Amino acid sequence: MQDLLNFLNRSPSRYHAVDNLCGELEAAGYVRLYEGQCQPIVPGGKYFVTRGGSALLAFRIPRADFTGFMISASHSDSPTFRIKENAELEGPETYVRLNTERYGGMLCAPWLDRPLTVAGQVMVKQGDDIQEQLVYVDKDLLMIPNVAVHMNRDANNGFKYDAKCDMVPLMGMGLEKGTFRAAVAQAAGCRPEEILGTDLYLCLRQKALVWGAEDQFISAQGLDDLQCAWGCFKGFLAAADSASVPVYALLDNEEIGSGTMQGAAGTFLVDWLDRICAALGRDRLPAIANSFLVSADNAHAVHPNHPEYHDAGHRPVMNGGVVIKHGVHYACGGVACAVFTALCQRAGTPVQHFANCSDLPGGGTLGLIASSHVSVHTVDVGLPQLAMHSCFETAGVKDTDYLIQAMTAFYGASFREEGGRFLLD
């Protein structure tokens with residue numbers, strides 16, 4: 002559990018999460034590839050590649066005559082507030098605030114009255130080059146103040162938040178123009194005028210923590226979906242070689258539809274499956290036909306105060322095991338459910354099932370999007386959590402280990418389809 006806490010605390014943005022995993026891969030002997038270069042891919046090789054700084058693919062080649070691909074896909078982003086390029090808002094009076102926009106469908110109320118800062122990526126001019134620089138302003142820099150109940154009598158009666166008014170963070174009073182840019186530049190180790198572009202987001206100053214009478218819960222920002230990202234990653238590293246190529250994918254922009262070059266609707270995954278096949282002289286179609294995708298994105302645990310929001314018979318509990326998601330918004334069919342369940346049985350991992358209430362449609366995942374580009378059997382799974390899309394979410398301490406256990410078995414297996422028979426080697 003401590004390694005998950007450390008990962009979450011070192012990942013205040015999607016860019017930091019990817020950078021941290023790249024460091025883990027390099028330490029494990031994986032070779033970095035670059036999309037714009039022709040680099041060899043050979044049997045026995047271990048590789049990783051990034052796109053846009055916020056998406057990552059890692060894979061290893063056990064042998065040239067591999068059967069197919071065993072793929073997992075999670076996402077690096079979470080709902081937050083993006084800082085606009087011209088960030089500083091002056092007034093009213095001498096207040097200085099930051100101009101933000103909503104990123105994804107978040108719960109607004111938990112963001113209020115908390116110490117905040119910013120993290121993300123800036124592009125810095127260095128000579129004739131433009132270089133990426135990760136940024137985390139290590140300071141209690143911002144807060145979004147609530148309106149007193151005396152002035153907002155509807156605060157406890159279903160108040161509707163206006164993002165352009167109620168969710169604007171306060172930075173200071175009577176500040177010199179450019180104070181925010183200067184703080185970002187200091188964190189990036191450059192001069193303000195050297196910053197040519199930014200992709201910065203609000204983040205909490207509060208660290209991830211384990212809590213409860215018997216330390217059964219973990220709470221943190223970004224559990225959806227960094228908890229699944231970490232569990233799949235550790236399973237990927239721990240798995241024994243099989244006849245298939247294990248592929249770990251961490252994609253971006255799921256919370257806003259995945260329609261970017263580094264998202265599931267982009268070509269990142271399919272580009273590299275094609276590139277692997279071409280490098281090893283393999284026919285792509287048989288390899289894809291004998292492949293399997295686990296879309297790992299956190300699931301809704303039954304709420305202690307509102308069990309009525311869950312479908313009868315489909316009420317996952319925290320610390321109860323990996324959740325398989327069913328329904329029209331998910332990619333999972335009977336074959337995918339059976340294959341993943343069999344792998345979990347092989348690993349000794351408990352499995353739970355989730356379905357939305359018939360009158361309460363839920364959100365989707367990247368599973369349907371990714372499988373529309375890479376046509377393979379796909380199962381949507383997740384770890385049960387509370388307060389999804391809050392800035393401080395809660396999950397069970399045991400479930401990360403359950404996912405690692407399941408994904409170690411998954412990545413150590415091979416999948417084949419033969420005339421209606423589905424084989425796990």
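Using the working numbering, read the sequence shown as starting at 2 and increasing by one per residue.
Ideal Cβ placement from N, Cα and C applies to all residues, glycine included.
Treat the numbers as computed from the prediction; the structure is a model and nothing was measured.
Cα-Cα separation, residue i to residue j
i	j	result
Asn291	Val271	15 Å
His378	Ala297	14 Å
Asp426	Ala414	6 Å
Leu113	Ile62	48 Å
Glu177	Ala88	13 Å
Gly223	Met174	31 Å
Met262	Ser55	11 Å
Ala164	Arg83	11 Å
His330	Leu361	12 Å
Ser75	Met152	43 Å
Asp155	Ala149	11 Å
Tyr412	Ser391	31 Å
Val324	Thr342	10 Å
Pro44	Leu281	8 Å
Ala29	Phe181	38 Å
Pro111	Ala241	42 Å
Arg64	Phe423	22 Å
Leu274	Pro116	43 Å
Gln40	Phe67	20 Å
Gly260	Ala214	43 Å
Met319	Gly365	20 Å
Ala189	Ala388	33 Å
Met2	Tyr403	12 Å
Ser372	Asn158	42 Å
Leu108	Ser243	42 Å
Glu463	Gln406	Nothing can be reported for residue 463, as the shown portion of the chain is limited to 2 through 426.
Lys126	Val50	24 Å
Asp20	Leu57	9 Å
Ala186	Asp129	19 Å
Ala299	Thr401	The sequence as given places Asn at residue 299; Ala does not occur at that position. Between Asn299 and Thr401, the C-alpha separation is close to 11 Å.
Ala410	Gln346	10 Å
Gly383	Lys235	15 Å
Tyr249	Asp216	30 Å
Ala239	His307	38 Å
Paired residues, beta bridge with residue i - DSSP
i	result
Gly173	Val97
Gln217	DSSP lists no partner for Gln217.
Pro56	Pro is not the amino acid found at residue 56; the sequence shown has Ala there. Arg52, per the DSSP bridge assignment.
Ala396	Ile219 and Gln386
Leu135	Gln122
Glu428	Shown here, the chain extends from 2 to 426; a query on residue 428 therefore has no answer.
Pro247	Met71
Ser77	DSSP lists no partner for Ser77.
His378	Phe293
Glu25	Paired residues: none, contrary to the question.
Val323	Val352
Leu203	Val119
Leu34	According to DSSP, Leu34 bridges with nothing at all.
Arg61	Lys47
Asp130	Gln127
8 Å Cβ cutoff met for residue i and residue j
i	j	result
Gly53	Asp284	no
Tyr31	Leu135	no
Ser245	Gly420	no
Ile145	Met168	yes
Gly321	Pro247	no
Cys166	Met408	no
Ser79	Glu256	yes
Gly121	Tyr35	no
Val138	Gly198	no
Ser220	Thr95	no
Val303	Pro317	yes
Cys191	Pro13	no
Ala59	Leu26	yes
Inter-residue CB distance, residue i and residue j (contact presumed, cutoff 8 Å)
i	j	result
Leu367	Leu22	About 17 Å separates the two Cβ atoms, so there is no contact after all.
Ile277	Ile42	6 Å
Gly397	Phe218	7 Å
Ala348	His327	Going by Cβ atoms, the distance from Ala348 to His327 rounds to 21 Å, so no, they are not a contact pair.
Leu227	Ala184	Not confirmed; about 25 Å, so no contact.
Met172	Arg103	At roughly 19 Å, the Cβ-Cβ gap does not stay under 8 Å, so Met172 and Arg103 are not in contact.
Val340	Phe293	6 Å
Cys358	His311	7 Å
Residue i at chain D interface by Cβ criterion, 8 Å
i	result
Ser75	Absent from the structure is chain D; it holds one protein chain and no more.
| query | Within the chosen definition, does the segment 368–383 reach the segment 201–216 through at least 3 CB pairs nearer than 8 Å? | reply | no
| Sufficient close CB pairs (3 or more, under 8 Å) joining the segment 5–12 to the segment 216–231 | yes
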